[in-house]
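>
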Amino acid sequence: MARVSGSGLPRLRLVIGDEELLVSRAVTDTIAAARADDPDTEVHRRPGADLTAGELAEMLSPSLFGGRRVLVVDSGQDTKKDIVAALLAYAADPEDDVVLVVTHAGGAKGKALADGFKSAGADVVPAAKIGKHRERVDFVRNEIRRQGGKIGEDAAEALLSAVGNDLRELVAACSQLVADTGGRIDVSTVAQYYRGRAEVSGFTVADAVMVGDTAAALEALRWAMHVGVDPVPIADAIADGVRTVARVAAAGKGSAYQLAGNLGMPPWKVERAQRQARGWTAEALVDAMRVAAECNAAVKGGSDDRAYALERAVFAVVAARAGGIGR
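Start counting at 1 in the sequence shown, then tack on 3, and there's your number in my numbering.
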């Protein structure tokens, strides 16, 4: 497999599968690795269905200023025949300082492109949906390992029972557990954080807060407290929601695909933040970040009543958003 000059990155990468989180992660990891080698790496990203021959030729033509580039074609199965032909022609003789990433949902549609990339020696990253319980257990164990921790199979089973099958929430739970435990996680650790399976999570609370829905946020929060969800992940989710909206809002206008690479976020997260950003001003987001920081400090040791600290944060963040409208 041909590698980019001075790098371990492949010149061609095919991300194949329809699990959105895994696809997004494969792309963002590729961009991050390229920028770790060369911070000035250029990133260009386009949906396959919208790509024209002229745009593709411009993306693939040698840069006047040299330097590394990462080119991402999303949903390659939707590209037109002339674009498929151009991509396959390029794959036969790729540029030395370019990483071309094509994502493909798998299946029969656009199969010629996927097969052609495989034949050209592309690095193939599987990203199929995780449907079997055994695969989910393996995913949790690998995710903990990826973040520098260690977890046994019994603890991974316990985490699945507590959090559910949503990969986004599993990733967040793994991250939180590794951060708070130093990386060694057993069944008792999981039980400490998740006493019984909850139908809500910190994301449920945070999503309602960021759109100003006080009633839904409080209902979700009180139910989470009732079933024993640990307050720390909820506080972290609220803080992450505020930070994400602030970053996306500051990035300005543009499609989620255009902004995702520069922000280091998957497109679905950018799209959600763009929706949530409506009604927020820069001043209101600064107020909300201060509230989230105070809530985190209270929940992580400074308050005798962590549930009250979370409720107060819900009211304060929603109030900040309401106060920001029309400033």
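Even glycine gets a Cβ: it sits at the ideal position worked out from N, Cα and C.
When the distance is taken between beta carbons, is I154 closer than 8 Å to G205?
No.
> Using the C-alpha atoms, what's the distance from S27 back to T207?
21 Å
> According to DSSP, is V174 helix, strand or coil?
helix
> Whose C-beta lies closer than 8 Å to the C-beta of R187 among residues of the same chain, with five residues either side of it excluded?
G152 and K153.
> With a 10 Å radius around its C-beta and 16 neighbouring C-beta atoms as the bar for buried, classify H107 as buried or exposed.
buried
> My output table needs one value for L74: the three-state DSSP class, helix, strand or coil.
strand
> Under 8 Å between the Cβ atoms of G113 and T82?
Cβ distance < 8 Å, so G113 and T82 count as in contact.
> For P234, I'd like the list of residues in its chain whose CB is within less than 8 Å of its CB, leaving aside the five on either flank, ordered along the chain.
M228, V302, R309, A310, A312 and L313
> Taking only the alpha-carbon atoms, compute the straight-line gap between I86 and A209 and give it to the nearest angstrom.
41 Å
> Judging by CA-CA distance, which residue of V230, M268, L221 and Y93 is the nearest neighbour of I241?
Considering only alpha carbons, the answer is L221.
> Tell me whether D126 sits in a helix, a strand or coil according to DSSP, three-state version.
strand
> Quick check: what's the CA-CA separation for V105 versus R225?
44 Å
> Is it right to say T55 is buried, meaning 16 or more other beta carbons lie within 10 angstroms of its own, or is it exposed?
exposed
> Per the DSSP calculation, E45 is bridged to which residue(s)?
R72
> Closest by CA to K272, which one among V321, G326, R6 and R171?
R171
> Per DSSP, R250 forms a beta bridge with which residues?
According to DSSP, R250 shares a beta bridge with no other residue.
> In whole angstroms, what separates the C-alpha of E98 from that of R48?
17 Å
> Does the distance from the C-beta atom of T33 to that of R6 stay below 8 Å?
no
> Express the C-alpha separation of A131 and E22 in angstroms, rounding to a whole number.
5 Å
> How would you label V317, buried or exposed, when you count the other beta carbons within 10 angstroms and need 16 or more for buried?
buried
> Keeping to the same chain, check which residues put their C-beta closer than 7 Å to that of P50; ignore five residues upstream and five downstream.
D77, S78 and Y260
> Please classify D239 as buried or exposed, where buried requires at least 16 other C-beta atoms within 10 Å of its C-beta.
buried
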